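Q: Here the sequence shown stands for residues 1 to 644, where the numbers follow the UniProt record's numbering.
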Amino acid sequence: MANDSTVSWTEDTLGPVSHVTSFTNLVLQLSLLVLWSVSRSLRTSTSIPAASLSVTNAVIIIGLSYVEDCKSTRPSSLLTIYLLLSILFDATQVRTLWLTHRIPMAAVQSAITGTKLAMLLLEMREKTSYLQSPYRDYPPEATSGIINLSFVWWINRLFMTGYQKLMGNRDLYDLEPGLASGPAGERLKRAWEKHRSAKNKLSLPSVFVRCFWMEFLAVVWPRLCLTGFSFAQPFLIMAAVQHVERPMTAETRNRGYGLIGATILVYLGIAVSNVHYRQSFSRVSTLFRGAMISLIHDRTLTLQDGLYTESAALTLMSTDVDGIIEHLENMNDVWARTIEVVIGITLLGLQLGATCIVPLLLTLEVRGKFHWNDQQNWNLEIQKRVENTSAVLGSMKATKVSGISRALAQNLQEHRERELVVSRAFFKGIMWLNGLATLPRIWSPVITFIVYAIQARIRGDKSLTTVKAFTALSIITLVTTPAEKLLAVLPQLAAAMGCFQRIHEYITSDPVKDGRLGHNKALMLNSAISPANADEKEFTPRTNDEEQGVAIKLDNVTVLSSPKAISVALKNVSFKALARAVYSRQDVALLDDILSALDMQTQEMIIARLLSDDGIFRQLGTTVVLTTHNRKLSCLLLCFVQDF
1 MANDSTVSWT EDTLGPVSHV TSFTNLVLQL SLLVLWSVSR SLRTSTSIPA ASLSVTNAVI
61 IIGLSYVEDC KSTRPSSLLT IYLLLSILFD ATQVRTLWLT HRIPMAAVQS AITGTKLAML
121 LLEMREKTSY LQSPYRDYPP EATSGIINLS FVWWINRLFM TGYQKLMGNR DLYDLEPGLA
181 SGPAGERLKR AWEKHRSAKN KLSLPSVFVR CFWMEFLAVV WPRLCLTGFS FAQPFLIMAA
241 VQHVERPMTA ETRNRGYGLI GATILVYLGI AVSNVHYRQS FSRVSTLFRG AMISLIHDRT
301 LTLQDGLYTE SAALTLMSTD VDGIIEHLEN MNDVWARTIE VVIGITLLGL QLGATCIVPL
361 LLTLEVRGKF HWNDQQNWNL EIQKRVENTS AVLGSMKATK VSGISRALAQ NLQEHREREL
421 VVSRAFFKGI MWLNGLATLP RIWSPVITFI VYAIQARIRG DKSLTTVKAF TALSIITLVT
481 TPAEKLLAVL PQLAAAMGCF QRIHEYITSD PVKDGRLGHN KALMLNSAIS PANADEKEFT
541 PRTNDEEQGV AIKLDNVTVL SSPKAISVAL KNVSFKALAR AVYSRQDVAL LDDILSALDM
601 QTQEMIIARL LSDDGIFRQL GTTVVLTTHN RKLSCLLLCF VQDF
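#1: Hey, how far is the Cα of residue 377 from the Cα of residue 200?
#2: Scan the stretch 255-307 and note each continuous alpha helix (DSSP H) run of 4 residues or more that stays entirely inside, going in chain order.
#3: For residue 511, which three-state DSSP category applies?
#4: Can you find the residues in the same chain that come closer than 7 angstroms, C-beta to C-beta, to residue 3, ignoring five residues on each side of it along the sequence?
#5: How would you label residue 21, buried or exposed, when you count the other beta carbons within 10 angstroms and need 16 or more for buried?
#6: Going by beta-carbon coordinates alone, are residue 150 and residue 266 separated by less than 7 angstroms?
#7: For residue 232, which of 450, 278, 94, 340 has the nearest alpha-carbon?
#8: Could you tell me the alpha carbon to alpha carbon distance between residue 403 and residue 397, rounded to whole angstroms?
#9: Taking only the alpha-carbon atoms, compute the straight-line gap between residue 229 and residue 288 and give it to the nearest angstrom.
#10: For residue 146 and residue 328, what's the separation of their Cα atoms in angstroms?
#11: Nearest to residue 86 by CA position, among 99, 105, 102, 116, is which residue?
#12: Determine which residues share a DSSP beta bridge with residue 624 and list them.
#13: Please state whether DSSP places residue 172 in a helix, a strand or coil.
#14: Between which two residues does the alpha helix (DSSP H) harbouring residue 77 extend?
#15: Leaving out five residues before and five after residue 279 in sequence, what residues of the same chain have Cβ atoms less than 7 angstroms from its Cβ?
#16: Threshold first: 4 residues or longer. Then list the alpha helix (DSSP H) segments lying entirely within the stretch 405-439, N to C.
#17: Can you tell me the Cα-Cα spacing of residue 180 and residue 290, whole angstroms?
#18: If you reduce the DSSP assignment to three classes, tell me which class residue 19 lands in.
#19: Restricting to Cα atoms, I'd like to know which of 285, 334, 164, 190 is closest to residue 224.
#20: Checking 7 angstroms against the spacing of the C-beta atoms, do residue 311 and residue 392 come in under that value?
#21: What does the alpha-carbon distance come out to for the pair residue 409 and residue 211?
#22: Hey, residue 330 and residue 209: beta-carbon distance below 7 angstroms or not?
#23: Suppose only complete runs of 4+ residues qualify. What are the alpha helix (DSSP H) ranges in the stretch 133-175, listed by chain order?
#24: If I measure Cβ to Cβ from residue 62 and keep anything under 6 angstroms in the same chain, skipping five residues before and after, which residues do I get?
#25: Is residue 619 buried or exposed, if buried means 16 or more other CB atoms sit within 10 Å of its CB?
#26: Taking one C-beta from the stretch 499-510 and one from the stretch 312-325 each time, how about it: are there three or more such pairs within less than 8 angstroms?
#27: Is residue 131 helix, strand or coil by DSSP?
#28: Between which two residues does the alpha helix (DSSP H) carrying residue 235 extend?
#29: Could you compute how far the alpha carbon of residue 216 sits from the alpha carbon of residue 285?
#30: Going by beta-carbon coordinates alone, are residue 344 and residue 478 separated by less than 7 angstroms?
#31: Does DSSP classify residue 554 as helix, strand or coil?
#32: May I have the straight-line CA-CA distance separating residue 247 from residue 263, to the nearest angstrom?
#33: Rounded to whole angstroms, what's the CA-CA distance from residue 511 to residue 381? Just pull it up for me.
#34: Specify, as a first and last residue, the run of the alpha helix (DSSP H) that residue 48 falls within.
#35: What's the C-alpha gap between residue 97 and residue 105?
#36: How is residue 28 classed by DSSP in three states: helix, strand or coil?
Right, dumping it as structure tokens:
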């Protein structure tokens, strides 16, 4: 759906054809209603009510088609599904009418089916050709209909592009507007402001779920459909085995055709449900990444200076957020797996009785212990290593000059080795749990049938037929698979909760507070400019032409805005930084004792060329705040001010 109330679109060349087809369908439905009304001998008790509902549906289709064209950037999913199912049911009705020699009704119903097929084809068309900006620039996923999304046809164009050439960023589709990080981050930020005082480690994930509950709700329906189609397999297998055991007759032949259709329906339903479930959950994962990174970034801007290292936010945005997303699907799938286990045990109990609990007991038996802090400790070691590596890379010049490269390299190597040692416990727990989780799938059928055989022999029961055996085997598979997932989700949940806790501690840290300022000149200027500065490491190198254009000539010294220029001043402020401050043309320039340790002649020359009546700062109208400890320099500055 579009974000605006009405989608801007130009004239559709096939729009009149679509309207004519819709009105034709209405006329045919009215004709069928009249035929059923006058043919008392041929109709049933439901013929007229069904025809009346069809007329009502035809009227609704006309209005709904127009509304969907005005309000949506994609074809109507509701109309597409209705027309598709209606065509399938109408086809069987047409066959019955022709076989029972109800010629007038059969002819009109055939025309209605053809009209609905034309309406379906017209409704499945994408609207990109007649949409206006910005809707025309939407990615294919935002303009595709439900049929296109169900079979993922929209991505074929991307595959063809990758087959024909080496792909670049411009060849990739843009992100759907509803998944943008900016709006998602604002939604989560507003929701978090209401619960930021909560100290519970579950507060952050619960706030995210409440904030994006509509997106999570969109995952539920396809997941339930996937569960339903999956548990239709035992009944399909039971019907197929029973069909094979029966002798071949006309009735069994028709039943076989029905089984073919049921098989297509079940496995096509599994595939389509799985596609929509994956797509819906991918949207949730994308929203989580964008919103959480935006929340961390906003918090970083308000934290006290020095409370965390520079790489702390980067580690949270990468390692911790990725760690949560990696296990987010299995965590969200817990409710569905629980439902599947309950349904599976119930169905297995109908087949094998009390033996149904054997797969569940075997799964619970292999439940292992897992240390919830292993993932968190590993992430802490990663953060320490990244912090040290970042510090070394940021001071490479000083590292080379001081000759401590080998010592720092050894220190970084020790951090890496310590990280591997800490991660060993986590991966060892994952290895054991994953190994134990495969045991139910292998041994559950064997142990279940052994227990059932022993029980049947004791009771003298010989009810284990081929149908029951195959049906029970399929149900056992459907039970053990979600049970394994539930077992495997324990370490994943522990890992994700450790990441959530680290993010929670970061975003609940004390923000910077504006308090009283000291009298120190550097402290005063730092409080005025906050973290912003014109230090040389904050700028990128310029080209040679740009260097010549922004040079300041001071007798025998030429100051360039390139990192290759020679720094002459002291106290971490060079002539390069001064040159950048001049040529940035800012309204305010804060100069912290930049002329210290220079001879008086050079100081007078700089002041004259920058602060005098003809100076650059005077010409630019820049307000200058200059601090100095030199009394003579203060008198010189006062002279310039008085002359001005």
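Note that CB positions come from ideal geometry on N, CA and C, so glycine has one too.
Just so you know, these numbers come straight off a predicted model, no measurement behind them.
A: In terms of the structure at hand:
#1: For residue 377 and residue 200, the distance between alpha carbons rounds to 20 angstroms.
#2: Complete alpha helix (DSSP H) runs here, min 4: none at all.
#3: Under the three-state reduction of DSSP, residue 511 is assigned to strand.
#4: Summary for residue 3: the model assigns pLDDT 46, below 50, so the residue's position carries little reliability; its value from the coordinates is reported in the next sentence. 177, listed in sequence order.
#5: Buried: at least 16 other Cβ atoms inside 10 Å.
#6: Not in contact: residue 150 and residue 266 (Cβ atoms no closer than 7 angstroms).
#7: Selection 450, 278, 94, 340 evaluated against residue 232 yields 340 as nearest (Cα-Cα).
#8: Taking the straight line from one Cα to the other gives about 10 angstroms.
#9: If you take the alpha carbons of residue 229 and residue 288, they lie about 29 angstroms apart.
#10: The alpha-carbon atoms of residue 146 and residue 328 are separated by roughly 25 angstroms.
#11: The shortest Cα separation from residue 86 among 99, 105, 102, 116 belongs to 116.
#12: DSSP lists 589 as partners of residue 624.
#13: In this structure, residue 172 counts as coil in the three-state DSSP scheme.
#14: For residue 77, the enclosing alpha helix (DSSP H) has its first and last residue at 77-99.
#15: Residues of the same chain with a CB within less than 7 angstroms of the CB of residue 279, apart from the 5 flanking positions on each side, are 149 in chain order.
#16: DSSP runs (the alpha helix (DSSP H)) wholly in the stretch 405-439: 405-437.
#17: Going by the C-alpha atoms only, they are around 7 angstroms apart.
#18: The three-state reading of DSSP puts residue 19 in helix, counting H, G and I together.
#19: A check of alpha carbon separations from residue 224 across 285, 334, 164, 190 identifies 334 as the nearest.
#20: Their beta carbons are not under 7 angstroms apart, which means residue 311 does not touch residue 392 by this criterion.
#21: Rounded to whole angstroms, the gap between the alpha carbons of residue 409 and residue 211 is 45 angstroms.
#22: Their beta carbons are not under 7 angstroms apart, which means residue 330 does not touch residue 209 by this criterion.
#23: The qualifying runs are 140-143, 146-151, 156-164.
#24: Within the same chain, residue 62 has close Cβ partners 22.
#25: Counting the other Cβ atoms within 10 Å of the Cβ of residue 619 gives fewer than 16, which makes it exposed.
#26: Touching, per the Cβ criterion.
#27: Reduced to three states, the DSSP call for residue 131 is strand.
#28: Counted as a single uninterrupted DSSP element, the alpha helix (DSSP H) harbouring residue 235 occupies residues 233-245.
#29: Spanning the two alpha carbons is a distance of roughly 10 angstroms.
#30: Yes. Within cutoff.
#31: The predicted position of residue 554 is uncertain, since its pLDDT is 38 and thus under 50; a value taken from the coordinates is nonetheless stated next. Of the three classes helix, strand and coil, the one that applies to residue 554 here is strand, per DSSP.
#32: It is roughly 21 angstroms from the alpha-carbon of residue 247 to the alpha-carbon of residue 263.
#33: Rounded to the nearest angstrom, the two C-alpha atoms are 25 angstroms apart.
#34: It spans 47-71 - the alpha helix (DSSP H) in which residue 48 sits, taken as one unbroken run.
#35: Cα to Cα, the separation comes out at about 7 angstroms.
#36: It is helical.
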